[in-house]
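Everything below concerns the one structure shown next.
2 protein chains.
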Amino acid sequence: MDKNIRIIEIKQSVFAKNNVDANETRRELKDKKVFLVNLMSSPGSGKTTLLNALINELKNDLKIGVMEADIDSDVDAKSIIDHTGVEAIQLHTGGECHLDAGMTKVGLDNLQSKDLDLIFLENVGNLVCPAEFDTGACLNATILSVPEGDDKPLKYPLMYKVCGLVIISKVDTLKVFDFEVEKAIKNVHFRNPDAKVMLVSAKTGEGIKELADYLREQVKAWKGN
Amino acid sequence: MDKNIRIIEIKQSVFAKNNVDANETRRELKDKKVFLVNLMSSPGSGKTTLLNALINELKNDLKIGVMEADIDSDVDAKSIIDHTGVEAIQLHTGGECHLDAGMTKVGLDNLQSKDLDLIFLENVGNLVCPAEFDTGACLNATILSVPEGDDKPLKYPLMYKVCGLVIISKVDTLKVFDFEVEKAIKNVHFRNPDAKVMLVSAKTGEGIKELADYLREQVKAWKGN
Numbered sequence: 745m746d747k748n749i750r751i752i753e754i755k756q757s758v759f760a761k762n763n764v765d766a767n768e769t770r771r772e773l774k775d776k777k778v779f780l781v782n783l784m785s786s787p788g789s790g791k792t793t794l795l796n797a798l799i800n801e802l803k804n805d806l807k808i809g810v811m812e813a814d815i816d817s818d819v820d821a822k823s824i825i826d827h828t829g830v831e832a833i834q835l836h837t838g839g840e841c842h843l844d845a846g847m848t849k850v851g852l853d854n855l856q857s858k859d860l861d862l863i864f865l866e867n868v869g870n871l872v873c874p875a876e877f878d879t880g881a882c883l884n885a886t887i888l889s890v891p892e893g894d895d896k897p898l899k900y901p902l903m904y905k906v907c908g909l910v911i912i913s914k915v916d917t918l919k920v921f922d923f924e925v926e927k928a929i930k931n932v933h934f935r936n937p938d939a940k941v942m943l944v945s946a947k948t949g950e951g952i953k954e955l956a957d958y959l960r961e962q963v964k965a966w967k968g969n
Numbered sequence: 745m746d747k748n749i750r751i752i753e754i755k756q757s758v759f760a761k762n763n764v765d766a767n768e769t770r771r772e773l774k775d776k777k778v779f780l781v782n783l784m785s786s787p788g789s790g791k792t793t794l795l796n797a798l799i800n801e802l803k804n805d806l807k808i809g810v811m812e813a814d815i816d817s818d819v820d821a822k823s824i825i826d827h828t829g830v831e832a833i834q835l836h837t838g839g840e841c842h843l844d845a846g847m848t849k850v851g852l853d854n855l856q857s858k859d860l861d862l863i864f865l866e867n868v869g870n871l872v873c874p875a876e877f878d879t880g881a882c883l884n885a886t887i888l889s890v891p892e893g894d895d896k897p898l899k900y901p902l903m904y905k906v907c908g909l910v911i912i913s914k915v916d917t918l919k920v921f922d923f924e925v926e927k928a929i930k931n932v933h934f935r936n937p938d939a940k941v942m943l944v945s946a947k948t949g950e951g952i953k954e955l956a957d958y959l960r961e962q963v964k965a966w967k968g969n
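Right, dumping it as structure tokens:
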């Protein structure tokens, strides 16, 4: 039996099983009226810093929980708790480069807050593997930080295909880097014409309110009221 | 049979086979007196831009070839050819998040230049998976760009453990970001006490000559003269 074909079969069966689990998670979230956002990006694009700013903008009218995935460290969950006061748990992937639906479900079952409206899942910093695994989230979002360059959607196609929301971050540094916002948006839409693109800076606060408003609308639509 | 145990066995057997292939590649490179550098980093940390600056510093006294790995696009190999004139080929991973020894060997066999002294392999932008696969390179190097933050070695342990050279890049932007160089170096050495750390800016040219000198010494030592 050809070895390559065998490897592909294993991988496809992993994906098929994962998709079943992810759909089941989404059905449960719909029943409970909880909106789960899967936030992905490169390492160091500012996921945690953005979440802190965003949660402080949203926490007065939505009950929020956070799941921080990391290979090894605990610094992100601690940062969320220190800066926002909402419940945050750390998921250690044990060296794995992504979260799948099963690991996400373990996280959801371990959140202790009741009646959450919105849960953020901060995935492992990686533009490749997390895009391959449906976590069961209601919205996939990715951050493209200005220092990374406006060509990233060309180089990591699947990440941009699976994300309904693309957040261009660190826009306060546009003066320092050769990053053309229009080109970046064009590249995003080349991969996914339906993606919503928003510009923010967690440092200056630019765009945070608009992003919070957008998420508020998404939560409302998901809850069906 | 427990399903989890079976998955681990497959993975370990993949690694074992890969290590055999990588060691074979390294032996061949030693015989041919060719030094192969496996350059890894997050997406957007500036691998290609740094390579362009570095190759222009080195190309008068060393014969250089470049293998650019990417999931889909061809922009990096084109950039190297346009900016340096050395031979560069693009390796498409077909969605894969890393290069292994077998893919690297295919690349090496496809370089057409004869009597190369130094080959750069630019791996897929990813701090997790490429660290797991020995490519057969003589030196593993990673870039930590200032905008990513000084905590990356804490969050991506294996990448820093396997790299003998850590290049802190985009140091011209130190004034814009909360990045402490001393803390970054301490975090690198926490993961790998023997790692050589160098600071560069491809934009201003700072540190490029020193990095080129360091690589020149490594090539000389590898060739045994």
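In order, the protein sequences belong to chains Z and A.
Residues in the first sequence are numbered from 745 upward in steps of one, following the numbering used here.
Residues in the second sequence are numbered from 745 upward in steps of one, following the numbering used here.
Here a beta-carbon is modelled for each residue, glycine too, at the ideal position from N, C-alpha and C.
In this text the structure is predicted, and so the values were computed from the model without any measurement.
| field | Rounded distance between the beta-carbons of Z/Arg935 and Z/Pro891, thought under 8 angstroms | value | About 20 angstroms separates the CB atoms of Z/Pro891 and Z/Arg935; that is not less than 8 angstroms, and the two are not in contact.
| Between which two residues does the beta strand (DSSP E) harbouring A/Thr886 extend? | 883-889 is the span of the beta strand (DSSP E), which, as asked, contains A/Thr886.
| query | Between A/Gly968 and Z/His842, what straight-line distance do the alpha-carbon atoms span, to the nearest angstrom? | reply | Between A/Gly968 and Z/His842, the C-alpha separation is close to 42 angstroms.
| field | Under 8 angstroms from the C-beta of Z/Ile833: neighbouring residues of chain A | value | The contacting residues do not exist; Z/Ile833 stays about 17 angstroms from chain A at best.
| said: Just to confirm the assignment, what range does the beta strand (DSSP E) spanning Z/Ser785 have? | reply: Per DSSP, Z/Ser785 belongs to the beta strand (DSSP E) from 779-785.
| task | For A/Tyr900, return the contacting residues in chain Z, with the cut-off set at a CB-CB distance below 7 angstroms. | result | The contacting residues are Pro787, Ile815.
| DSSP on A/Leu860, reduced to helix/strand/coil? | A/Leu860 carries a coil assignment under DSSP once its states are collapsed to helix, strand and coil.
| request: Quick one: using the 10 Å Cβ neighbour count with 16 as the cut-off for buried, is Z/Thr848 buried or exposed? | output: With 16 or more Cβ atoms within 10 Å of its Cβ, Z/Thr848 is classed as buried.
| If you draw a straight line from the C-alpha of A/Lys822 to the C-alpha of Z/His933, how long is it? | CA-to-CA, the gap between A/Lys822 and Z/His933 works out to about 23 angstroms.
| request: Assuming A/Leu773 and A/Phe864 form a contact by the criterion Cβ under 8 angstroms, report the distance between their Cβ atoms to the nearest whole angstrom. | output: A/Leu773 to A/Phe864, Cβ: 13 angstroms. No contact.
| request: Answer with buried or exposed for Z/Val963, where buried requires no fewer than 16 other C-beta atoms within 10 angstroms of its C-beta. | output: Buried.
| said: I'd like to confirm the pairing. Which residues does DSSP put opposite A/Leu833 in its beta bridges? | reply: The sequence shown places Ile at residue 833 of chain A, not Leu. According to DSSP, which records beta bridges pairwise, A/Ile833 is partnered with A/Met811.
| Nearest-angstrom beta carbon gap, A/Leu959 and A/Leu802 [assumed within contact, 8 angstroms] | With 8 angstroms as the limit, A/Leu802 and A/Leu959 qualify as a contact, their Cβ atoms being about 7 angstroms apart.
| task | Give me the Cβ distance between A/Ile815 and Z/Val872, rounded to the nearest whole Å; I'm assuming they're in contact under 8 angstroms. | result | Indeed, because the Cβ distance is near 7 angstroms, the residues count as touching under 8 angstroms.
| Distance, Cα to Cα, A/Lys899 vs Z/Ser817? | Looking at the two C-alpha atoms, the distance is approximately 6 angstroms.
| task | Leaving aside the five residues before and after A/Ile749 along the sequence, list all residues of the same chain whose C-beta is less than 6 angstroms from its C-beta, in chain order. | result | Residue placement at A/Ile749 is flagged as unreliable, the pLDDT there being 36, under the threshold of 50; a coordinate-derived value is accordingly withheld.
| Pick from A/Gly790, A/Phe923, A/Ile824, A/Lys777 that is closest to A/Trp966, judged by C-alpha positions | The shortest C-alpha separation from A/Trp966 is found at A/Lys777.
| said: For the pair the stretch 875-884 of chain Z and the stretch 902-920 of chain Z, tell me if three or more CB-CB distances fall below 8 angstroms. | reply: Here the stretch 875-884 of chain Z makes contact with the stretch 902-920 of chain Z; the two share three or more CB pairs at distances below 8 angstroms.
| query | When the Cα of A/Leu713 is compared with those of A/Gly846, A/Val925, A/Asp775, A/Phe779, which residue comes out closest? | reply | Not covered by the structure: residue 713 of chain A. The range shown for chain A is 745 to 969.
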